[in-house]
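Student: Protein chains in written order, with full-length UniProt numbering: chain A, 1 to 433; chain B, 1 to 374.
Beta carbons: idealized from backbone N, C-alpha and C, even for Gly.
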């Protein structure tokens with residue numbers, strides 16, 4: 001089956017790994033087993049080969065029964081064993097559109113908040129330079145998106161924890177009813193409200209220092225990659241200009257050669273070289289878009305990192321509130337028991353104004369409080385455990401992510417150098433006659 | 001400075017070396033103007049000394065050009081740089097403008113020096129050797145332009161009345177046609193080349209910003225410092241190489257194209273003057289054929305005119321051949337040098353990136369011990 005090259009963006013562009021399936025991510029990077037405890041061999045990516053092999057324009061009716069055009073992507077899966085045996089059994093396949101990928105990712109984000117969930121390729125074309133289309137239906141954009149979606153699936157499949165998720169597996173294998181199945185899990189209800197998260201960010205008192213640093217890091221990463229992509233786009237624009245204007249020489253040389261007897265051949269040859277030179281830039285810049293996509297992936301990964309930090313802040317804030325609550329209840333209890341009023345309370349005031357409570361009333365109150373305190377202590381204990389586990393597993397994944405990032409970005413930079421080299425070599429013979 | 005001597009043919013046979021340099025600003029009550037130093041070194045007998053240094057202003061060059069045109073109406077006198085630049089952005093006395101003009105004036109004088117006929121022109125010698133006051137007084141002598149202008153006006157009028165020159169030899173019509181197309185193409189080439197320069201400059205500016213971002217990124221990535229610094233350094237080197245590439249374009253190609261744009265005007269003028277000389281003859285011949293009575297009187301006059309026409313035609317033909325040869329040589333040299341520049345640029349960039357890659361792959365191999373390989 002004829003297919004264009006589709007490796008995960010993490011793999012070096014020109015690197016001949018000779019692997020049947022990609023998956024440079026966590027599987028090879030971790031020396032000591034992850035605290036998550038899965039064996040590398042269990043990663044889905046080792047068992048099945050996943051490709052997003054085609055994209056197709058479709059028209060359909062949306063939720064409001066209006067006609068819309070969208071692109072559907074063909075996901076093919078094939079068991080790895082069937083390949084090595086030399087047979088080439090036909091793959092299983094189904095079609096999905098971008099919004100379904102988004103649904104899957106949102107599901108993963110909610111259910112695995114301690115995981116740095118791989119990002120999707122961009123929803124709209126950004127960092128576009130003038131020749132590049134910002135239109136979502138543009139075939140080049142669709143093609144790069146196809147590759148990005150495949151990369152996303154492979155990254156998820158290579159992750160020791162989320163690759164085991166049933167919803168993910170169904171996404172790959174179950175054509176009909178998947179959307180309903182996801183919605184039935186009720187994950188949208190579990191999602192933390194934006195407002196809550198924002199609130200926590202500002203009010204949390206003792207966040208884990210490492211997460212604070214991580215947040216700064218992800219902000220810096222996002223900022224520097226954005227800047228880089230912006231300038232790269234401008235560089236590409238100018239480079240395009242240089243090459244293409246040279247192409248104008250071709251026609252003029254050719255017309256000029258018509259009136260020159262002696263110089264005629266030389267001019268024709270020079271013109272031809274100019275045309276070749278000018279034409280070469282299109283491929284060069286298309287390749288560079290892939291490099292930009294590699295960087296963009298990590299731009300979006302920065303957001304995923306921030307999501308984990310936000311979750312930590314939320315949990316921490318929750319914990320602090322619960323502890324505060326408990327402390328104040330204990331104090332109330334103590335005050336009631338000893339009859340002293342150390343803090344101002346409405347009850348205190350009213351009892352001063354309208355008379356004290358009876359001992360029985362007070363006893364009752366104390367009992368209620370004691371029960372609440374007991375409950376609170378249990379909750380606090382479990383919250384603490386939850387929080388510690390979260391921090392532990394999140395940090396494991398963050399370490400995994402860091403290694404992946406270092407590896408991928410280094411390879412990206414190398415592939416950029418390779419691209420520059422090939423661009424220089426292409427110009428070998430553009431000399432004038 | 002080396003470029004100034006990089007002219008064609010037989011440097012051993014040259015006996016006249018001219019340089020134009022050292023622009024200086026002069027401010028008087030009436031005006032501000034620039035003078036250029038013209039240094040001449042020669043071994044020719046007709047020069048009293050072997051070395052001369054004089055200062056000339058643009059007006060003086062203009063004077064010289066007109067004198068040469070008058071003395072040799074059908075020779076191709078090299079063009080002068082324009083009086084004004086219409087770009088609007090370039091101030092009259094900006095450094096860039098002065099330098100461009102200086103180079104063009106230098107070219108102008110050297111072209112005259114290399115011309116087999118013009119090089120021995122008396123006014124040319126005076127231009128190179130006379131002190132300022134000598135030149136002024138010499139300028140005032142000699143047939144004024146106005147008397148000549150009268151002649152030319154009549155000649156032009158007659159040729160226009162006649163509906164163009166009949167009897168114009170095909171050769172000159174061919175030259176005219178050639179120049180029309182040539183002029184068109186040269187103008188286009190000039191536009192394209194200027195545009196390329198602009199784009200290259202734009203690229204250079206963006207690259208200047210591009211490299212440092214990678215260095216900035218180092219601050220937050222410990223493990224990527226080597227790679228990022230490497231990329232930053234490569235980009236900076238390529239940036240520098242672009243600067244050289246641009247310089248090559250602006251030094252080797254743009255001035256040549258510009259000069260040949262100006263040559264178009266020169267050629268048009270030459271062809272016109274030749275036509276006028278022929279028109280003089282033709283009108284006399286016509287007059288003769290109308291006044292059959294006075295046959296013998298004008299014969300001598302006509303004979304002279306016929307000689308004049310033949311001389312003019314021969315001079316132009318020879319000069320035209322010479323001009324074409326020079327043009328082909330100049331164009332070839334200019335475009336070749338730009339091409340070489342470009343190749344050199346790419347070779348430099350290639351070397352830069354390849355050396356970066358070598359460093360990186362060495363590191364990769366060293367760090368790959370713990371990785372599994374299929």
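(1) Could you check what DSSP says for residue 159 of chain B in three-state terms: helix, strand or coil?
(2) For the region 324-339 of chain B and the region 304-315 of chain B, state whether three or more C-beta atom pairs, one from each stretch, are separated by less than 8 Å.
(3) Verify the contact flag: residue 231 of chain A, CB atom, against every heavy atom of the ligand MN, threshold strictly below 7 Å.
(4) Any beta-carbon of chain A closer than 8 Å to the one on residue 192 of chain B?
(5) Can you tell me which of the three DSSP states residue 129 of chain A falls into?
(6) For residue 366 of chain B, I'd like the list of residues in its chain whose CB is within less than 6 Å of its CB, leaving aside the five on either flank, ordered along the chain.
(7) Checking 8 Å against the spacing of the C-beta atoms, do residue 265 of chain B and residue 78 of chain B come in under that value?
(8) Between which two residues does the alpha helix (DSSP H) containing residue 212 of chain B stretch?
(9) Tell me whether residue 141 of chain A sits in a helix, a strand or coil according to DSSP, three-state version.
(10) Below 7 Å CB to CB, which residues in the same chain sit around residue 122 of chain A once its five sequence neighbours on both sides are set aside?
(11) Please identify the residue among A:206, A:304, A:398 and A:180 whose C-alpha is closest to the C-alpha of residue 120 of chain A.
(12) Below 8 Å on the Cβ atoms is my contact criterion, and I expect residue 156 of chain A with residue 206 of chain B to pass it. Report the Cβ-Cβ distance as a whole number of Å.
(13) For residue 290 of chain A, would you say it is in contact with chain B, using Cβ-to-Cβ distances shorter than 8 Å as the test?
(14) I need the straight-line Cα distance from residue 409 of chain A to residue 170 of chain A, nearest angstrom please.
(15) Does DSSP put residue 92 of chain A in a helix, in a strand, or in coil?
(16) Based on the DSSP output, what are the partners of residue 73 of chain A in its beta bridges?
(17) Please list the partners that residue 207 of chain B has in chain A, where partner means a Cβ-to-Cβ separation under 7 Å.
(18) Rounded to whole angstroms, what is the Cα-Cα separation between residue 258 of chain A and residue 252 of chain A?
(19) Measure the C-alpha to C-alpha separation of residue 315 of chain B and residue 14 of chain B and round it to an integer number of angstroms.
(20) Is the CB of residue 78 of chain A under 8 Å away from at least one CB in chain B?
(21) Which chain A residues sit within Cβ distance under 8 Å of residue 126 of chain B?
(22) What is the DSSP secondary structure of residue 52 of chain B, reduced to helix, strand or coil?
(23) Tell me the rounded alpha-carbon separation between residue 372 of chain B and residue 158 of chain A.
(24) Residue 410 of chain A touches chain B at which residues, Cβ-Cβ below 7 Å?
(25) In whole angstroms, what is the alpha-carbon distance linking residue 242 of chain B and residue 49 of chain A?
(26) Excluding the 5 residues flanking residue 197 of chain A on each side, which residues of the same chain have their C-beta closer than 7 Å to its C-beta?
(27) Are there three or more Cβ pairs, one per stretch, closer than 8 Å when the region 181-195 of chain A is compared with the region 267-279 of chain A?
(28) If you follow the beta strand (DSSP E) that residue 35 of chain B is part of, which residue opens it and which one closes it?
(29) Is it buried or exposed, residue 238 of chain B, if we count other Cβ atoms within 10 angstroms and call 16 or more buried?
(30) Residues in its own chain within less than 8 Å of residue 405 of chain A by CB, not counting five upstream and five downstream?
(31) For residue 220 of chain A, go through chain B and note every residue whose CB falls closer than 8 Å to its CB, in chain order.
(32) To the nearest angstrom, report how far apart residue 317 of chain A and residue 225 of chain A are at their CA atoms.
(33) If you run the structure through DSSP and keep just helix, strand and coil, what is residue 262 of chain A?
(34) Over what stretch of residues does the beta strand (DSSP E) that includes residue 326 of chain A continue unbroken?
(35) Give the residues from the region 246-257 of chain A that approach chain B closer than 8 Å (Cβ to any Cβ), ordered along the chain.
Tutor: With the given structure in hand:
(1) Taking the first residue of the second chain as 1, we reach residue 159 of chain B at position 159. Per-residue confidence for residue 159 of chain B stands at a pLDDT of 48, beneath the threshold of 50, marking its modelled position as unreliable; the derived number appears in the next sentence. Per DSSP, reduced to three states, the secondary structure at residue 159 of chain B is helical.
(2) No: the two stretches stay apart, fewer than three of their Cβ pairs being nearer than 8 Å.
(3) Annotation note on the ligand MN: not contained in the displayed structure, which lists no ligands.
(4) As a working mapping, residue 192 of chain B is identified with position 192 in the second chain. Chain A contact via Cβ: present.
(5) Reading the first chain from its first residue, position 129 is the one you call residue 129 of chain A. In this structure, residue 129 of chain A counts as coil in the three-state DSSP scheme.
(6) Counting from one through the second chain, the residue named residue 366 of chain B turns up at place 366. Around residue 366 of chain B: no qualifying Cβ.
(7) Numbered from 1 along the second chain, position 265 holds the residue referred to as residue 265 of chain B. Numbered from 1 along the second chain, position 78 holds the residue referred to as residue 78 of chain B. No. Outside cutoff.
(8) For the purposes of this step, residue 212 of chain B is identified with residue 212 of the second chain, where counting begins at 1. 170-218 is the span of the alpha helix (DSSP H), which, as asked, contains residue 212 of chain B.
(9) Mapped onto the first chain, residue 141 of chain A falls at position 141. Looking at residue 141 of chain A - three-state DSSP - the assignment turns out to be helix.
(10) Counted from its first residue, the first chain places residue 122 of chain A at position 122. Excluding its 5 nearest sequence neighbours in each direction, residue 122 of chain A has C-beta neighbours in its own chain below 7 Å: 296, listed in chain order.
(11) The residue you call residue 120 of chain A lines up with position 120 of the first chain. The candidate whose alpha carbon is nearest that of residue 120 of chain A is A:304.
(12) By 1-based counting over the first chain, the position of residue 156 of chain A is 156. By 1-based counting over the second chain, the position of residue 206 of chain B is 206. Wrong, their Cβ atoms sit about 36 Å apart, outside the cutoff.
(13) Position 290 of the first chain holds residue 290 of chain A. Cβ-Cβ to chain B under 8 Å: no for residue 290 of chain A.
(14) For the purposes of this step, residue 409 of chain A is taken as the residue at position 409 of the first chain. For the purposes of this step, residue 170 of chain A is taken as the residue at position 170 of the first chain. Whole-angstrom Cα-Cα distance: 31 Å.
(15) The sequence position of residue 92 of chain A within the first chain is 92, counting from 1. Residue 92 of chain A falls in the strand class under three-state DSSP.
(16) Here residue 73 of chain A is taken as the residue at index 73 of the first chain, counted from 1. Answer is A:55 and A:96.
(17) The sequence position of residue 207 of chain B within the second chain is 207, counting from 1. Those are 235, listed as they occur along chain A.
(18) The residue labelled residue 258 of chain A in the question sits at position 258 within the first chain. The residue labelled residue 252 of chain A in the question sits at position 252 within the first chain. Put simply, the backbone Cα of residue 258 of chain A is about 10 Å away from that of residue 252 of chain A.
(19) In the second chain, the residue the question calls residue 315 of chain B occupies position 315. In the second chain, the residue the question calls residue 14 of chain B occupies position 14. Taking the straight line from one Cα to the other gives about 22 Å.
(20) For the purposes of this step, residue 78 of chain A is taken as the residue at position 78 of the first chain. So, not an interface residue.
(21) Numbered from its first residue, the second chain carries residue 126 of chain B at position 126. Simply none; closest approach about 38 Å.
(22) Locating residue 52 of chain B in the second chain gives position 52, counting from the first residue. Secondary structure at residue 52 of chain B: strand, using DSSP grouped into helix, strand and coil.
(23) Residue 372 of chain B sits at position 372 when you count from the first residue of the second chain. Residue 158 of chain A sits at position 158 when you count from the first residue of the first chain. Confidence at residue 372 of chain B is low in this model, with a pLDDT of 47, below 50, so its placement is unreliable and no value can be given for it.
(24) Stepping through the first chain from its first residue, residue 410 of chain A is reached at position 410. Result: 224 and 227.
(25) Residue mapping note: residue 242 of chain B aligns to position 242 of the second chain, counting from 1. Residue mapping note: residue 49 of chain A aligns to position 49 of the first chain, counting from 1. Their backbone Cα atoms lie some 45 Å apart in a straight line.
(26) In the first chain, residue 197 of chain A corresponds to position 197, counting from 1. Within the same chain, and ignoring the five residues on either side of residue 197 of chain A in sequence, the residues whose Cβ sits closer than 7 Å to its Cβ are 310 and 314.
(27) At 8 Å Cβ cutoff, the stretches do not touch.
(28) If you number the second chain from 1, residue 35 of chain B lands on position 35. That run of the beta strand (DSSP E) goes 32-42.
(29) Along the second chain, one-based indexing puts residue 238 of chain B at 238. Residue 238 of chain B should be labelled buried.
(30) Counting from 1 along the first chain, the entry for residue 405 of chain A is found at position 405. Same-chain partners within the cutoff: 298 and 301.
(31) One-based indexing of the first chain puts residue 220 of chain A at position 220. From the beta-carbon of residue 220 of chain A, the residues of chain B found nearer than 8 Å are 219 and 220.
(32) As a first step, residue 317 of chain A must be located in the first chain, where it is residue number 317. As a first step, residue 225 of chain A must be located in the first chain, where it is residue number 225. Whole-angstrom Cα-Cα distance: 31 Å.
(33) One-based indexing of the first chain puts residue 262 of chain A at position 262. Coil.
(34) Along the first chain, read from residue 1 onward, the residue named residue 326 of chain A stands at position 326. Looking at the DSSP string, residue 326 of chain A is not in any beta strand (DSSP E); the run it does join, the alpha helix (DSSP H), is 281-338.
(35) The residues in question are 246, 248, 249, 252, 255 and 256.
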